[in-house]
């Protein structure tokens, strides 16, 4: 089963290929994506790397968390699931009396 990691404190000069190449020594990288601003395309300084196995992902955490890459100390950890969309509902509560 694949495992996705969060990679923080990335250099703003890093690109997806550099990220994938850097993490490949830990195992088979399925995807490597740097998150960017929609309007400018500029890196937000973090991204995600997905490995083919949990073992490879754990090896990457052990190898790269706190290590320097392109002049910055990386923060590498298990990715958390995306947050629920925090939109405000305009619908009345289900227990509200009907007018």
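Residue numbers (the UniProt record's numbering): 1 to 99.
C-beta: ideal position from N, C-alpha, C; glycine also.
Open item on the list: Quick check: the Cα distance between residue 54 and residue 3, rounded to an integer number of angstroms?
Closed with: Whole-angstrom Cα-Cα distance: 5 Å.
- [ ] Along the alpha helix (DSSP H) that carries residue 54, what are the first and last residues, could you check?
- [x] Here the alpha helix (DSSP H) through residue 54 covers 54-64.
TODO: Would you mind listing the beta strand (DSSP E) stretches within the UniProt domain "RRM" (3-81) that are 3+ residues and don't spill past its ends, in chain order?
DONE: Complete beta strand (DSSP E) runs here, min 3: 3-8, 29-36, 43-51, 75-78.
- [ ] Please go through the same chain and pick out, in chain order, the residues whose beta-carbon is closer than 8 Å to the beta-carbon of residue 72, but skip the five residues on each side of it.
- [x] Hits under 8 Å: 9, 10, 11.
Task: Whole-angstrom distance between residue 14 and residue 32, CA atom to CA atom - done: Approximately 11 Å between the Cα atoms of the pair.
Open item on the list: Between which residues of its own chain and residue 70 is the CB-CB distance below 7 Å, once the five residues before and five after are set aside?
Closed with: 11, 13, 14.
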